[in-house]
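K.L.:
In mature numbering (1 follows the signal peptide of the UniProt record, and there is no 0), the protein residues as written are -18 to -1, 1 to 207.
Backbone N, C-alpha and C define an ideal beta-carbon position, used for all residues, glycine too.
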């Protein structure tokens, strides 16, 4: 009887609710399912993040990459904050568990490109920030499944070109920030599919013309037509 009682007590304390386990150096707010790991000098996403976590703050750390499996089983995650790190690479299939994520902040990192399957599981994402990185170009595959995206911030990068059709699947996009890049030419009809677009910022680029099927039309020619 005594051993049965001890076994039951051990299960109650250690196994009844694993969601109360918190990663080392992080602080877990049980009532709100918020895990705060910001400014902890972390080099990797910590293990043992509770599966019921709703918001994860990893800002101001030393993360250099996001590897496959680092967010496994975080099905409840809605907000992921990763700004002010040194993230230079995101491995393919890193976000396979984040199909319910609504906000991701990757600003102030070192990303030169987004993986081709970046959007595959991020179908619920509404707000994506990749500002202040080292992005050079944007491709259609990286964003094609973000059909619920409403706000996209790609400002303060090194983008010189954007593939035609890159924004084709973003029918709900309302805010698009592309200022402070190195864009030189915009394709005619580039934003045609963005029927709900309310804010488009292109200032502080090197835009000199509009590319049409018949060639490039210089800005001074366009203004004088």
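#1: Locate the alpha helix (DSSP H) running through residue 122, then write down its first and last residues.
#2: Among the residues of its own chain, which have a CB less than 8 angstroms from the CB of residue 58, if the five just before and after it don't count?
#3: Which partner residues of residue 50 appear in the DSSP bridge assignment?
#4: Suppose you measure from the CA of residue 161 to the CA of residue 23; what does that come to, to the nearest Å?
#5: Flag this pair as yes or no: are the beta carbons of residue 157 and residue 124 separated by less than 8 angstroms?
#6: Starting from residue 90, trace the beta strand (DSSP E) both ways and give me its first and last residue.
#7: If you count every other CB in all the chains shown that lies within 10 Å of the CB of residue 50, and 16 or more means buried, which is it?
#8: What are the residues that DSSP puts in a beta bridge with residue 254?
#9: Which partner residues of residue 143 appear in the DSSP bridge assignment?
P.N.:
Checking against the coordinates, here is how it stands:
#1: To locate residue 122, count along the chain shown from 1; it is residue 140. 122 to 125 is the extent of the alpha helix (DSSP H) around residue 122.
#2: For the purposes of this step, residue 58 is taken as residue 76 along the chain shown, with counting starting at 1. Excluding residues within five positions, the ones whose Cβ falls inside 8 angstroms are 15, 33, 34, 35, 36, 82.
#3: Counted from its first residue, the chain shown places residue 50 at position 68. According to DSSP, residue 50 bridges with nothing at all.
#4: The residue you call residue 161 lines up with position 179 of the chain shown. The residue you call residue 23 lines up with position 41 of the chain shown. Looking at the two C-alpha atoms, the distance is approximately 31 angstroms.
#5: Here residue 157 corresponds to residue number 175 of the chain shown, with the count starting at 1. Here residue 124 corresponds to residue number 142 of the chain shown, with the count starting at 1. In this structure, residue 124 does not lie closer than 8 angstroms to residue 157 by Cβ.
#6: As a working note, residue 90 is residue 108 in the chain shown. First-last for residue 90: undefined, no H or E at that position.
#7: As a working mapping, residue 50 is identified with position 68 in the chain shown. Residue 50 should be labelled exposed.
#8: Outside the shown range of the chain (-18 to 207) lies residue 254, about which nothing can therefore be said.
#9: To locate residue 143, count along the chain shown from 1; it is residue 161. Answer by DSSP bridge pairing, in chain order: 119.
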